[in-house]
Each structure stands twice: as structure tokens, then as C-alpha cells.
Amino acid sequence: QVQLVESGGGLVQPGGSLRLSCAASGSIFAINNMGWHRQAPGKERELVAVITNGGNTNYADSVKGRFAISRDNAKKTVYLQMNSLKPEDTAVYYCNVASASRPQGYWGQGTQVTVSS
Numbered sequence: 046q047v048q049l050v051e052s053g054g055g056l057v058q059p060g061g062s063l064r065l066s067c068a069a070s071g072s073i074f075a076i077n078n079m080g081w082h083r084q085a086p087g088k089e090r091e092l093v094a095v096i097t098n099g100g101n102t103n104y105a106d107s108v109k110g111r112f113a114i115s116r117d118n119a120k121k122t123v124y125l126q127m128n129s130l131k132p133e134d135t136a137v138y139y140c141n142v143a144s145a146s147r148p149q150g151y152w153g154q155g156t157q158v159t160v161s162s
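Every letter in the sequence shown is one number past the one before it in the working numbering, and letter 43, counting from 1, is 88.
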């Protein structure tokens, strides 16, 4: 059984910062891509950022230059540093961790990020 535990969401003012974490535990091995997605009310889930096991990263255009994804392979943890947050970043953020045996990945439970004054 695999669990992904997310943390770090909350309420922040525009221009503020948050750091999300997602730790994988259980029977998950040979982890490949680790990523963050988000879903705002009334919208489809979208990819925010992804990092490969080689450290290559890719970002949605809307967050380039403001967000940074990183990973700690020893801890099976992926992070999302979010700076210069905007109200349009408000969403539930989900992590996804893919492995060799499960390329579609496992999903976290989601953490709410609200950007508002």
C-alpha cells in the first residue's frame, strides 16, 4: 500500500509564499517523475510542475519564474516552493508520484492553497 501525505497549504496574501511537501511511503520503488497538479473550482485539474528522477523540471507557463519544484529521493519527498503568489493560484494542489510499476502515478489527498487579501 502506498500513501502520499501532503502538507504546507494554507491562506496567504497576494505576493506571499508557501512551500508544499509531499512524502511517499509504503511499497513504492523505482520512483520516476514526481509532480504537482492543481484544480480550481469549476476548472479541470492542470499540471503545475514536474521533476524527473534525473532532476529535469518542467513548469506550466503560468507559474514559470515564481514556482520551483525539487525532490529528495532519500526521503521520497517532492516539494513545491511557491513565491509571488496570485489570487489565480488559488486551488487544491495534488502531488503525483510515478514509479516503474505504476507509470500513471499515485495521487495525494490534496492540500488547499488560498491566495487572498
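Where a beta carbon is used, it is the ideal one built from N, C-alpha and C, also for glycine.
For residue i, three-class secondary structure by DSSP
{"i": "Glu133", "result": "helix"}
Nearest residue (CA-CA) to residue i, options the options
{"i": "Asn98", "options": "Ser144, Ser161, Ala105", "result": "Ser144"}
{"i": "Ser66", "options": "Val57, Ser162, Gln154, Val160", "result": "Gln154"}
{"i": "Pro59", "options": "Gly53, Val142, Asp134", "result": "Asp134"}
{"i": "Ser115", "options": "Glu51, Leu125, Gln46", "result": "Leu125"}
{"i": "Val93", "options": "Phe112, Gly150, Lys121, Ala69", "result": "Phe112"}
{"i": "Lys149", "options": "Lys131, Asn128, Asn77, Val137", "result": "A small correction: the amino acid at residue 149 is Gln; Lys does not occupy that position in the sequence shown. Of the candidates Lys131, Asn128, Asn77, Val137, the one whose C-alpha sits nearest the C-alpha of Gln149 is Asn77."}
{"i": "Lys131", "options": "Gln46, Thr102, Lys109, Asp117", "result": "Lys109"}
{"i": "Leu63", "options": "Gly54, Cys140, Ile96", "result": "Gly54"}
Beta-bridge pairing of residue i - partner residues as DSSP gives them
{"i": "Asn103", "result": "Val95"}
{"i": "Gln149", "result": "DSSP lists no partner for Gln149."}
{"i": "Val160", "result": "Val57"}
{"i": "Ala69", "result": "Leu49"}
{"i": "Ala113", "result": "Gln126"}
{"i": "Tyr84", "result": "Checking the sequence, you will find Gln at residue 84 rather than Tyr. For Gln84, which the question treats as bridged, DSSP gives the partners Val137."}
Environment of residue i [buried if 16+ CB atoms lie within 10 Å]
{"i": "Leu49", "result": "buried"}
{"i": "Leu56", "result": "exposed"}
{"i": "Phe74", "result": "exposed"}
{"i": "Ala119", "result": "exposed"}
Determine, using beta-carbon pairs with one atom in the stretch 147-162 and one in the stretch 68-87, whether at least three such pairs fall under 8 Å.
Cβ pair count under 8 Å is three or more, so yes.
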